[in-house]
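According to the UniProt record's numbering, the sequence shown holds residues 1 to 370 in order. One structure is given here, and the rest of the page talks about it.
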Amino acid sequence: SAAAVRCTLCSFLHWWRCLSIRLPVFEQQSYIIQLLENSPIGTLLIDLNATDPDEGANGKVVYSFSSHVSSKITETFRIDSEKGHLTLLKQVDYEITKSYEIDAQAQDMGPNSIPAHCKIIIKIVDVNDNRPEINLNLMSPEKEETAYISEGSPLDTFVALVRVQDKDSGVNGEIVCKLHGHGHFKLQKTYENNYLILTNASLDREKRSDYSLTVIAEDKGTPSLSTVKHFTVQISDENDNPPRFQTNRYEVVILENNSPGAYITSVTATDPDLGDNGQVTYTILESYILGSSITTYVTIDPSNGAIYALRTFDHEEVNQIAFMVQARDGGSQQLVSNTTVVLTIIDENDNAPVIVGPALRNSTAGNLNP
Numbered sequence: 001s002a003a004a005v006r007c008t009l010c011s012f013l014h015w016w017r018c019l020s021i022r023l024p025v026f027e028q029q030s031y032i033i034q035l036l037e038n039s040p041i042g043t044l045l046i047d048l049n050a051t052d053p054d055e056g057a058n059g060k061v062v063y064s065f066s067s068h069v070s071s072k073i074t075e076t077f078r079i080d081s082e083k084g085h086l087t088l089l090k091q092v093d094y095e096i097t098k099s100y101e102i103d104a105q106a107q108d109m110g111p112n113s114i115p116a117h118c119k120i121i122i123k124i125v126d127v128n129d130n131r132p133e134i135n136l137n138l139m140s141p142e143k144e145e146t147a148y149i150s151e152g153s154p155l156d157t158f159v160a161l162v163r164v165q166d167k168d169s170g171v172n173g174e175i176v177c178k179l180h181g182h183g184h185f186k187l188q189k190t191y192e193n194n195y196l197i198l199t200n201a202s203l204d205r206e207k208r209s210d211y212s213l214t215v216i217a218e219d220k221g222t223p224s225l226s227t228v229k230h231f232t233v234q235i236s237d238e239n240d241n242p243p244r245f246q247t248n249r250y251e252v253v254i255l256e257n258n259s260p261g262a263y264i265t266s267v268t269a270t271d272p273d274l275g276d277n278g279q280v281t282y283t284i285l286e287s288y289i290l291g292s293s294i295t296t297y298v299t300i301d302p303s304n305g306a307i308y309a310l311r312t313f314d315h316e317e318v319n320q321i322a323f324m325v326q327a328r329d330g331g332s333q334q335l336v337s338n339t340t341v342v343l344t345i346i347d348e349n350d351n352a353p354v355i356v357g358p359a360l361r362n363s364t365a366g367n368l369n370p
């Protein structure tokens, strides 16, 4: 009947009017908030405020996250149900998450209440909280912090590959890379944050066998953050030095009538190279004395350069012997040097006088007439 319809319509309008009265209203439908990534836990992001003009329970507003927000939101932020304070519950990191979108709701305590919603967008602001990272590739199978390079390497020989990065954004992530330690090496940029460490001068292991270098990566943030990485360049030996004698001429004196095997003298040559490259052996170069090989007169210990007589010397036969000793290293391409040994044989009174005139007759010398 018409009366019943009017009654139903009146009831609906009364319900709708009551419902509209009970619905809380936020001051804004959306908020955009900037939050520094290094903000401490407990930081207040926003004080939500929703009003409800109803009285009593119908006007008491409680705040919460909407039912469909992710666990990531509820683990990171907290809403005070009574005061509407949105606070930081967990440290945020710009390098992991750059923004959060939160759906918050306000709901009165009345029966059949319907929540009001607002959207909160939190933009994380990057701060310079990450130090630059240095990845140093020395191409070395033996030690992680040691590069090996031959002393004969030419200029611009590759030593190491350097890559730097910084997780921060903007100037906080811009990096200046430097190499400290020695001018024999240089840092050369290839592309973006990649660099090569190259030789910048000739190397000599005998003058310096290793170099301690430092790579420094520094960002442009305020305050600036930096990272250092130390490594060693070990110079490998090449056979680039011949043996060198202490002198180019040894002069020795010896009395005649010596015993065979007698020690005469020693010659010494040094080689600053390593291993076989610096291992010196000695030989006497072939020459002849009165038609006989020098090796029938003297011999030399190949390991230490000690020279010995092989025969008894006779001043009346030969009073001076000169010969050459060669020092040879053990490199694959052997280097040599020579020195001269001059042996002077000193006379001894080992011969009785011999009468050479006048001639004897029957072992008797005749009278000499004046």
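For glycine and all other residues, C-beta sits at the position ideal for the given N, C-alpha and C. These figures come from a predicted structure and were not determined experimentally.
Bridge partners of residue 117 according to DSSP: 105. Assignment of beta-bridge partners to residue 178 by DSSP yields 216. Under the 10 Å beta carbon count, residue 201 is surrounded by fewer than 16 other beta carbons and is classified as exposed.
In this structure, residue 134 sits near residue 215, with a CB-CB distance shorter than 8 Å. Within the same chain, 151, 235 come within 6 Å of residue 203 by CB-CB distance, once the 5 residues on both sides are set aside.
The beta carbon of residue 92 sits closer than 6 Å to the beta carbons of 37, 124 from its chain, once the five residues preceding and following it are set aside; these are given in chain order. Of 189, 341, 139, the smallest CA-CA separation from residue 298 is found for 341. Counting only residues of its own chain and dropping the five nearest sequence neighbours on each side, residue 210 has a CB closer than 8 Å to the CB of 232, 233, 234, 235. Under a 10 Å Cβ-count criterion, residue 32 is classified as exposed, with fewer than 16 other Cβ atoms of the shown protein chains found around its own Cβ. Residue pairing by DSSP places residue 62 opposite 107 in a beta bridge. The beta carbon of residue 78 lies closer than 6 Å to those of 87, 89 in the same chain, with the five residues before and after it left out. According to the DSSP secondary-structure assignment, residue 313 is paired through a beta bridge with no residue. Here residue 107 is buried. Its C-beta has 16 or more other C-beta atoms within 10 Å. Secondary structure at residue 98: coil, using DSSP grouped into helix, strand and coil. Of all alpha-carbon atoms in 330, 315, 120, the one lying nearest the alpha-carbon of residue 349 is that of 315.
About 17 Å separates the beta carbons of residue 132 and residue 213, which is beyond the 8 Å limit, so they are not a contact pair. Taken in chain order, the unbroken stretches of beta strand (DSSP E) that lie wholly in the region 213-261 and span 3 residues or more are 226-236, 249-255. When the alpha-carbon of residue 160 is set against those of 274, 173, 128, 230, the nearest one is in 230. Residue range 185-191 is occupied by the beta strand (DSSP E) that includes residue 186. In this structure, 49 is the residue among 112, 49, 240 with its C-alpha nearest to the C-alpha of residue 81. A contact between stretches requires three or more CB pairs, one per stretch, nearer than 8 Å, and the region 284-295 fails this requirement with the region 253-269.
Within the same chain, Cβ atoms closer than 7 Å to the Cβ of residue 253 are found at 344, 346, the five residues on either side in sequence being excluded. Residue 302 and residue 281 have their C-alpha atoms some 5 Å from each other.
Take residue 300, set aside five residues on each side of it, and the residues of its chain with a beta-carbon closer than 6 Å to its own are 282, 284, 307, in chain order. Counting C-beta atoms within 10 angstroms of its own C-beta, residue 43 has fewer than 16 neighbours from the protein chains shown and is therefore classed as exposed. DSSP lists 34, 99 as the beta-bridge partner residues of residue 123.
Between the alpha carbons of residue 100 and residue 46 lies a gap of roughly 14 Å. Sixteen is the threshold: when 16 or more other Cβ atoms of the shown chains lie within 10 Å of the Cβ of residue 221, as they do, the residue is buried. Within a 10 Å sphere around the beta-carbon of residue 113 sit 16 or more other beta-carbons, which makes this residue buried.
Between residue 65 and residue 51, the C-beta spacing is not below 8 Å. Within the same chain, 138, 230, 231, 232 come within 8 Å of residue 145 by CB-CB distance, once the 5 residues on both sides are set aside.
The criterion of a C-beta distance shorter than 8 Å is satisfied by residue 336 and residue 242. Here residue 313 is buried: its Cβ has 16 or more other Cβ atoms, across all protein chains shown, within 10 Å.
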